[in-house]
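In my numbering, the protein residues as written are 313 to 616.
I have placed the structure first, in the form of structure tokens, so that the comments after it can refer back to it.
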Ligand code: SF4
Ligand SMILES: [Zn+2]
Ligand SMILES: [Zn+2]
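Right under this line is the structure:
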């Protein structure tokens, strides 16, 4: 049997680490990924000179790659400072490992790191808060995690929060908003920042999951962690599978859908929400909300 011809990098001729549309060696694949992120940041003015950016760091694949790439492109800016924020939900046999890894990554990159726990902020870990409430673990976890990230981001000088959302995450969220006819979410994402909440930036939203995972592996920063014990069937998981299925017949349909959705958002940027809900301040914590009291304060029965 004839030996297989090795795939060679289309830029330098060295052994390629990835075939298909990439066909690049380790060096050129990583350069391509970093350049995509740098160009996206510059085109969209996601980071400006002299800014202090909070970076949500869970210790998982996407947020670790985000912090790593941001730290690498810092020299392209004047005096930009990063602060990594990790939320400890107190989920046993799961969070300890990602928490330790988040700490290791931040130390290695020499980036200031803050760890804020559910216990110190809301008086209990996720399992204990769940005992008294009739709400799913992921709903409570997501709302309270966002609340902590928002509060911590606001405590630093320039309230900008970078998250590790990928192109696939963006497409999934868009599809979920459409499937559930979540007009509030669609219009709120499209409308300009009100100044009452931190500005969310997603530097990795030009990379698909494959690019992020391969970059993490090639840089030696990818770690396998056990799945959260609360993870289960979800609409997001179904939508992810749907995009994966479609990709085999319609390559790049996920990216095209995310682009089309972003164009839709730009075209409705100044549309008034038909439900009459606008961004306000929570009567209890002062955080952003579309009602009188924010979701986090409702879920933890916060009192004024
Ligand atoms: S799976 Fe659910 S409970 Fe577990 S970390 Fe994710 S959002 Fe939180
Ligand atoms: Zn090469
Ligand atoms: Zn509130």
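Heads up, the beta-carbon is just placed ideally off N, CA and C, and yes, glycines get one too.
Being a predicted model, the structure only gives us computed values, none of them experimental.
- DSSP, reduced to helix, strand and coil, places residue 425 within a strand of the structure shown.
- Secondary structure at residue 319: coil, using DSSP grouped into helix, strand and coil.
- Residue 391 places its beta carbon less than 8 Å from that of residue 362.
- A distance criterion of 7 Å places the beta-carbon of residue 403 in contact range of ligand 1, judged by its closest non-hydrogen atom.
- The beta carbons of residue 511 and residue 471 sit about 6 Å from each other, so the pair counts as a contact at 8 Å.
- Where residue 366 is concerned, the enclosing beta strand (DSSP E) starts and stops at 364-368.
- The DSSP-derived three-state label of residue 515 is coil.
- With a beta-carbon spacing of about 5 Å, residue 612 and residue 434 fall inside the 8 Å limit used to define contacts.
- In this structure residue 583 touches residue 499 by the C-beta definition: roughly 6 Å separates them, less than 8 Å.
- Taking residue 336 as the centre and dropping the five residues before and after it, the same chain places the C-beta of 321, 322, 323, 328, 329, 330, 344 closer than 8 Å to its C-beta, in chain order.
- The criterion of a C-beta distance shorter than 8 Å is satisfied by residue 488 and residue 548.
- Per the CB criterion, closer than 5 Å to any heavy atom of ligand 3, the qualifying residues run in chain order as 594, 596, 597, 599, 606, 609.
- Checking the DSSP bridge columns, you'll see residue 393 partnered with 364.
- Under the DSSP definition of a beta bridge, residue 473 partners with 366, 512.
- With the rule of 3 Cβ pairs closer than 8 Å, the region 515-526 does not count as touching the region 434-445.
- Less than 8 Å separates the beta-carbon of residue 449 from that of residue 438.
- Residue 342 has its Cβ no nearer than 7 Å to any heavy atom of ligand 1.
- The way I'd put it, the region 513-522 does touch the region 474-483; three or more beta-carbon pairs between them come closer than 8 Å.
- Remark: the shortest separation between the CB of residue 336 and any heavy atom of ligand 2 falls under 7 Å.
- For residue 397, the closest C-alpha among the options 384, 375, 408 is that of 375.
- Sequence-distant partners of residue 340 (beyond 5 residues in either direction) whose C-beta falls short of 6 Å from its own C-beta, in its chain, are 321, 323.
- Under the three-state reduction of DSSP output, residue 484 falls in the helix class.
- Straight-line measurement puts the Cα of residue 428 at about 21 Å from the Cα of residue 380.
- In the DSSP assignment, the residues bridged to residue 330 are 336.
- If one requires a minimum length of 4 residues, the alpha helix (DSSP H) runs lying completely within the region 521-603 are 521-530, 547-561, 565-579, in chain order.
- An exposed status is given to residue 351, since fewer than 16 other beta-carbon atoms sit within 10 Å of its beta-carbon.
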